[in-house]
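Engineer: Numbered as in our numbering, the sequence shown ends at 569 without a single skipped number.
By construction, the Cβ of each residue, glycine as well, lies at the ideal position given by its N, Cα and C atoms.
Have a look at the structure that comes next, please.
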Amino acid sequence: VGADGSFEIVLDSAQKNGETLNVTLTDKAGNMSAVTPVIAGDTTAPEAPTELAVSVDGLTLTGKGEVGSTVTVKDAAGAVIGSGPVEADGTFTIALDTAQTNGETLNVTLTDKTGNVSVVTPVIAGDTTAPVAPTELVVSADGLTLSGKGEAGSTVIVKNAAGAQIGTGIVDADGTFTAILDTPQKNGETLNVTLTDKAGNVSVAGDVTAGDTTAPAAPTDLKVSLDGLLLTGKGEAGSTVIVKNAAGQQISTVVVGIDGNFAAVLLTPQKNGESLNVTLTDKAGNVSLPGTVTAGDTTAPAAPNTLAVSADGLSLTGKGEAGSTIVVKNAAGTQIGTGVVGADGSFTATLSP
């Protein structure tokens, strides 16, 4: 101690973390004063927190740190979502305001009693949350791509109605995706779309129906019943059958059953070799190529008329059903002439002497 009663002591190590120092004075005779305590200023930040872990349910954060310091937990946006003290054993358990179960990054600091703040320690919550189902699903007009929106970074899986995977893709950082499909989907197919995040959580499926720009195949196995009143066949289930006669007049319509079969009742009997034209129209309005069928001919021609024998007796003229064959017999039943009725319904048969 100097003559002015003051002193300054150099300390062996820096005391700047709130340490308590005990000071005594000893005179030349060896007499010692009472102890006077002094507390050093605290300008040292706590060590960063360690052993950070988010609970499976995402509601608590545990870790270790400087005893008595205050734990502050912030989300990636900088909002405080939890706070609490470090216990006497150096551990802490902080209740979080909202469950952190989707791989969120949390930033954790310790603040001591004098306001010194530790370095930030980040911790990533477990991801046990499935992505939301994909939205705004659209199949392109050519049926080769599927676009939509979903959780960034998740994997898009596209399956057809049979459950077979037909496309995949990754959701971009902006939340949009375009998945390439293995085969064109342009016949009204229903597709099932899910998202799988990096932790393997799978979303609820989103469904989308592809546009229908594909015409049905032409109807097959066409057959007219013997009485000419029913036309049966096969075609695309749910499509509408249109039956027209050779003049283009519609004479029947019916819907193909789920088993692909149909039976159309005809407005008038078709039993004279009529040619019928049959098409299928699907629900989107696409029309198939026509299928044709010829009705059976069970109707005899009307009797020939306007008959006349030429003056020289060598020919017979008249009218009848076009395309039919003329047979002329004498009174004894002997065939004496034959011919074919022309397209205009008239004929001339040459007679034998």
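#1: Name the two residues that bound the continuous beta strand (DSSP E) containing valine 239.
#2: Quick one: Cα of serine 356 to Cα of glutamine 401, how far?
#3: Would you say leucine 312 and glycine 342 are within 8 Å of each other, going by their C-beta atoms?
#4: With contact counted as at least three CB pairs below 8 Å, one residue from each stretch, are the stretch 360-368 and the stretch 411-425 in contact?
#5: Can you check DSSP and say which residues form a bridge with isoleucine 552?
#6: Could you tell me the boundaries of the beta strand (DSSP E) in which asparagine 477 lies?
#7: If we count Cβ pairs, one from each stretch, closer than 8 Å, do we get three or more for the stretch 442-455 versus the stretch 416-429?
#8: Would you please state the rounded distance, in angstroms, between the beta carbons of alanine 434 and serine 531? I believe it to be under 8 Å.
#9: For glutamate 224 and alanine 250, what's the separation of their Cα atoms in angstroms?
#10: Using only the alpha-carbon positions, how far apart do lysine 499 and glycine 454 sit?
#11: Buried or exposed for aspartate 328, going by 16 or more other Cβ atoms inside 10 Å?
#12: Roughly how many whole angstroms lie between the Cα atoms of valine 459 and leucine 482?
#13: How is the beta strand (DSSP E) around alanine 559 delimited, first residue to last?
#14: Output yes or no for whether 8 Å exceeds the beta carbon distance between glycine 553 and threonine 541.
#15: Taking only the alpha-carbon atoms, compute the straight-line gap between threonine 189 and glutamate 235 and give it to the nearest angstrom.
#16: Let me know the beta strand (DSSP E) ranges lying completely inside the stretch 356-387, each 3 residues or longer, listed in chain order.
#17: Just mark threonine 371 as buried or exposed, buried being the case when its beta carbon has 16 or more other beta carbons within 10 Å.
#18: Are the stretch 470-488 and the stretch 519-531 touching, with three or more C-beta to C-beta distances below 8 Å?
#19: May I have the straight-line CA-CA distance separating serine 334 from lysine 280, to the nearest angstrom?
#20: Measuring CB atoms only, is the stretch 509-518 touching the stretch 480-494, in the sense that at least three cross pairs come out at less than 8 Å?
#21: Looking only at C-alpha atoms, which of Ala346, Phe308, Gly359, Leu227 sits nearest to threonine 429?
#22: Using the DSSP secondary-structure output, state which residues sit across from lysine 545 in a beta bridge.
#23: Let's see if you can read the secondary structure: which residues bound the beta strand (DSSP E) around phenylalanine 393?
#24: Nearest-angstrom Cα distance between valine 339 and valine 374?
#25: Within the continuous beta strand (DSSP E) that includes proline 338, where are the two ends?
#26: Could you check whether alanine 431 and glutamate 405 sit closer than 8 Å to each other, using their CB atoms as the reference points?
#27: Suppose the cutoff is 8 Å on Cβ atoms and the five residues either side in sequence are ignored; what does the same chain contact list for alanine 269 look like?
Structural biologist: In this structure, then:
#1: 236-239
#2: 9 Å
#3: no
#4: yes
#5: Looking at the DSSP assignment, isoleucine 552 forms no beta bridge with any residue, so it has no partner.
#6: 477-481
#7: no
#8: Not quite, the Cβ-Cβ distance comes to about 47 Å (not below 8 Å), so this is no contact.
#9: 19 Å
#10: 7 Å
#11: buried
#12: 8 Å
#13: Here alanine 559 belongs to no beta strand (DSSP E), and DSSP marks it neither H nor E.
#14: no
#15: What is shown of the chain runs 217 to 569, which leaves residue 189 out entirely.
#16: 361-365, 371-375, 381-386
#17: buried
#18: no
#19: 13 Å
#20: yes
#21: Gly359
#22: Gln551
#23: 392-397
#24: 34 Å
#25: 337-340
#26: no
#27: Leu277, Thr278, Gly279, Val339
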